[in-house]
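Here the structure is laid out as structure tokens; the discussion comes afterwards.
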Amino acid sequence: MGGTGDDAAIRRAELWLERGRPHEAATALAPVLARDPHHPLAWVTMADIRLALEDAEGAVRAAEAALAAAPQWPYALTRLSAAWAMRGEHDVAVIAAERALAADPDEPMWHACLAERLLAAGAEPATAQRLAATAVAMAPDRAAFHVIHGVALFAGGRRRQAREALRTAVGLEPDNAAAQHFLAVVEGDRPGAAHLARSVRSYAAALRTDPTARDSRIGLDHTLRVFLVRTTGLAFGACFVTAQAARMGHLTLARLVAVAALLGPAWYAHRFVRGLDPMLRAYLRHVLTAGRLRRSAVALAAAYAGLPLVAFGPPSWRYPVSLGVIAAALVARLAAERDLSHHLRAHGVPVPPMLRTPLVVLAGLCAGALAVGLLALGAAHGNAAAVLLGAGPAALFGLCVVVVLRRRRPRRPG
301 MGGTGDDAAI RRAELWLERG RPHEAATALA PVLARDPHHP LAWVTMADIR LALEDAEGAV
361 RAAEAALAAA PQWPYALTRL SAAWAMRGEH DVAVIAAERA LAADPDEPMW HACLAERLLA
421 AGAEPATAQR LAATAVAMAP DRAAFHVIHG VALFAGGRRR QAREALRTAV GLEPDNAAAQ
481 HFLAVVEGDR PGAAHLARSV RSYAAALRTD PTARDSRIGL DHTLRVFLVR TTGLAFGACF
541 VTAQAARMGH LTLARLVAVA ALLGPAWYAH RFVRGLDPML RAYLRHVLTA GRLRRSAVAL
601 AAAYAGLPLV AFGPPSWRYP VSLGVIAAAL VARLAAERDL SHHLRAHGVP VPPMLRTPLV
661 VLAGLCAGAL AVGLLALGAA HGNAAAVLLG AGPAALFGLC VVVVLRRRRP RRPG
């Protein structure tokens, strides 16, 4: 290895890298490798630089050069493992991490590294949980180990323990972007409005620490859209029950459900918005008034405007307004769902079809109920217009049945 001057140059390169400036780090490191092309620490630092630049091939070459100078050195093996993982070669990455742990089983970092590689490879989470727990036990003050432990627990379905591990990581390092991001993921997995609000706050905290964190930005926007999808889902269910109760003459029930339809989603929204700071509330308003979500908001407002007429209006208005309320609430729900799917696809995140099977079934049931009501009305009163109007919902019901049957049909291999 080189002398004090080389060590100082490597330290400068590491400082540049910590500041998020890998190009300057590479410039600072170049003279060291020019003087000593077999300097293992310099090659490990170069591997870190190449990883920061998302240059997997360069990182592999740098890590292999470090290993050529210092065979079985764990630091070089873990960089090689990270480079292979970046290339998507997870099986090879796991092998390199296993070699690092075998070379120095008393270092908690190598336990955590292997746990991380196993999770990326899609291995059974139990092994990753055990390795991460070992790292935490050996170094309980390291937030990064608690993060990996929390992710492993979440992958194994142990959500409560995952939240505890990630909250411990945030407590140790409030500015740890990875801890905040994964805590947001775990919190957003629960349906409650308060949990969604905590998820949004954690994503925002991760972005304040690392404004370039693409996954946290996608997660923040996704969670805000999930909030509207759930709110419109609650509203649609309440509007549908209110309209059906009023149509069947159960006015007391219709009026009670109408009040619940107005208060239930409003309370859910209040619980969510109350958990946001003024900046996040302003961002929520921006998201909800842009693009497809504006249509959803307008349709939801129209559905809510019609509810009092369904429950308290003249009997002659009850049936047509009921149809309008159900249709408006369904449009609000579908528009919110479509915007959520479009947002994920725009960022390269694979999503199921916009009209997922439960939603298709729900739409089919609604269409079937409307069709039966209109056709029965037309048959009872000899009203040809009602029969013609019933043909539309009947056709929609048939289309939903076809979609569900096609999705249930097993696909042929190849």
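With the sequence shown counted from 1, adding 300 to any position gets you the numbering used here. By construction, the Cβ of each residue, glycine as well, lies at the ideal position given by its N, Cα and C atoms.
#1: In terms of alpha-carbon separation, which member of Ile-310, Ser-516, Val-526 and Val-541 lies closest to Asp-336?
#2: By Cβ distance, which residues of its chain are closer than 8 Å to Arg-712, with the 5 residues on each side in sequence left out?
#3: How far does the alpha helix (DSSP H) with Arg-581 in it extend, from its first residue to its last?
#4: By DSSP, does Leu-351 sit in helix, in strand, or in coil?
#5: Should Asp-391 go down as buried or exposed, given a rule of 16 or more other Cβ atoms within 10 Å for buried?
#6: Measuring only the C-alpha atoms, how far is Asp-355 from Leu-562?
#7: On the DSSP letters alone, give me the boundaries of the alpha helix (DSSP H) that Val-450 sits inside.
#8: For the alpha helix (DSSP H) holding Thr-434, just list the boundary residues, first then last.
#9: Rounded to the nearest angstrom, what separates Leu-333 and Glu-324 at their Cα positions?
#10: Tell me the DSSP secondary structure of Thr-468 in three-state form.
#11: Mind the definition here: the segment 516-524 touches the segment 534-543 only if three or more C-beta pairs lie below 8 Å; say whether that holds.
#12: Just verifying my parser: in three-state terms, what is the DSSP assignment at Asp-515?
#13: If you run the structure through DSSP and keep just helix, strand and coil, what is His-338?
#14: Can you have a look at Glu-357 and say buried or exposed, based on whether 16 or more other CB atoms are within 10 angstroms of its CB?
#15: Measure the C-alpha to C-alpha separation of Gly-668 and Gly-698 and round it to an integer number of angstroms.
#16: Could you have a look at Gln-372 and say whether DSSP puts it in helix, strand or coil?
#17: Under 9 Å between the Cβ atoms of Ala-363 and Trp-343?
Result, derived from the coordinates:
#1: With distances taken between CA atoms, Asp-336 lies nearest to Ile-310 out of Ile-310, Ser-516, Val-526 and Val-541.
#2: With a pLDDT of 34 at Arg-712, under the threshold of 50, the modelled position of this residue cannot be trusted; read the value that follows with caution. Result list for Arg-712: empty, nothing under 8 Å.
#3: Taken as a continuous stretch (DSSP letters only), the alpha helix (DSSP H) holding Arg-581 covers 578-588.
#4: Looking at Leu-351 - three-state DSSP - the assignment turns out to be helix.
#5: Looking at its Cβ environment, which holds fewer than 16 other Cβ atoms inside 10 Å, Asp-391 is exposed.
#6: Each residue's Cα considered, the two are about 54 Å apart.
#7: At residue 450 the sequence reads Gly, which differs from the Val that was named. Element bounds for Gly-450: 443-455.
#8: For Thr-434, the enclosing alpha helix (DSSP H) has its first and last residue at 425-438.
#9: For Leu-333 and Glu-324, the distance between alpha carbons rounds to 15 Å.
#10: Helix, per DSSP.
#11: Proximity of the segment 516-524 to the segment 534-543 falls short of the contact definition, fewer than three beta-carbon pairs being nearer than 8 Å.
#12: DSSP places Asp-515 within a helical segment (H, G or I) once states are collapsed to three.
#13: Coil.
#14: Around the beta carbon of Glu-357, fewer than 16 other beta carbons sit within 10 angstroms, so the residue counts as exposed.
#15: For Gly-668 and Gly-698, the distance between alpha carbons rounds to 9 Å.
#16: Note: Gln-372 maps to coil in three-state DSSP.
#17: In this structure, Trp-343 lies closer than 9 Å to Ala-363 by Cβ.
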